[in-house]
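What follows is a short report on a single structure.
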Amino acid sequence: MSGNRTFTMIKPDAVEAGNTGNIIQMITDAGFSIKAMKLTNLSKEQAEEFYAVHAERPFYGELVSYMTSGAIVAAILEKDNAVADFRALIGATDPAEAEAGTIRKAYAESKGRNAVHGSDSDENAGIECDFHFEIAELV
Ligand code: DAT
Ligand code: MG
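Start counting the sequence shown at 0; every next residue gets the next number (numbering that gives the first Met the number 0).
Quick look at the structure:
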């Protein structure tokens with residue numbers, strides 16, 4: 000059975016460009032409710048841990064430095080089939096390949112600076128929500 004929660008970050012490029020409000024609007028228009036949300040910064044250690052699965056990839060250093068370059072908005076989202084539906088809403092990793100109507104098509108600058116994160120499985124959604132929020136922060 001698929002779960003009903005996913006984790007997202009609005010990434011530094013999108014926050015810096017002033018797109019936070021429009022992205023949140025797209026998320027709620029798509030039927031997600033916001034269970035927790037915060038404007039914050041990732042430390043180098045947090046970014047390295049969050050993206051540890053990519054540690055051997057050539058873009059890892061660039062990814063960590065980008066994700067620590069400015070404020071992010073972290074959030075827990077709820078909807079039936081949350082993980083798959085949110086991946087569909089954000090679009091392909093590379094905005095050049097993202098479909099019209101997706102968040103990355105609208106707001107991502109490039110494959111590396113791609114506006115939003117979305118969890119890729121129910122298991123990782125749980126890990127990522129716990130990484131950023133205490134259970135007491137959920138509404
Ligand atoms: P996604 O964020 O769509 O789940 P991913 O998990 O494969 O994509 O990669 C995590 C992030 O790493 C991605 O959002 C942006 C960065 N990234 C991935 N592939 C990249 C590449 N070829 N060059 C630069 N950055 C990349
Ligand atoms: Mg991923």
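All residues carry an ideal CB built from backbone N, CA and C; glycine is no exception.
Could you tell me which residues DSSP pairs with Leu76 in its beta bridges?
Your numbering for residue 76 matches position 77 in the sequence shown. Beta-bridge pairing links Leu76 to Thr5, Ile33.
Determine, using beta carbons only, whether Phe58 comes closer than 8 Å to chain D.
As a matter of chain content, chain D is missing from the structure shown, which is built from one protein chain.
For Asn80 and Val115, what's the separation of their Cα atoms in angstroms?
One-based indexing of the sequence shown puts residue 80 at position 81. One-based indexing of the sequence shown puts residue 115 at position 116. Those two C-alpha atoms are separated by around 18 Å.
Looking only at its own chain, which residues have a Cβ that is under 6 Å from the Cβ of Ala35, when we skip the five neighbours before and after it?
As a working note, residue 35 is residue 36 in the sequence shown. Cβ neighbours of Ala35 beyond the five flanking positions: Ile75, Phe132, Glu136, Leu137.
Helix, strand or coil, according to DSSP, for Val138 in the structure here?
For the purposes of this step, residue 138 is taken as residue 139 along the sequence shown, with counting starting at 1. Note: Val138 maps to coil in three-state DSSP.
Candidates Arg112, Phe31, Pro57, Ala73, of which the one nearest Gln45 by Cα:
On the sequence shown, position 46 is the one that residue 45 refers to. Measuring from the Cα of Gln45, the nearest candidate turns out to be Ala73.
Mind checking Ser109: buried by the 16 CB within 10 Å criterion, or exposed?
Walking along the sequence shown from the start, residue 109 turns up at place 110. The residue is exposed, with fewer than 16 neighbouring Cβ atoms inside 10 Å.
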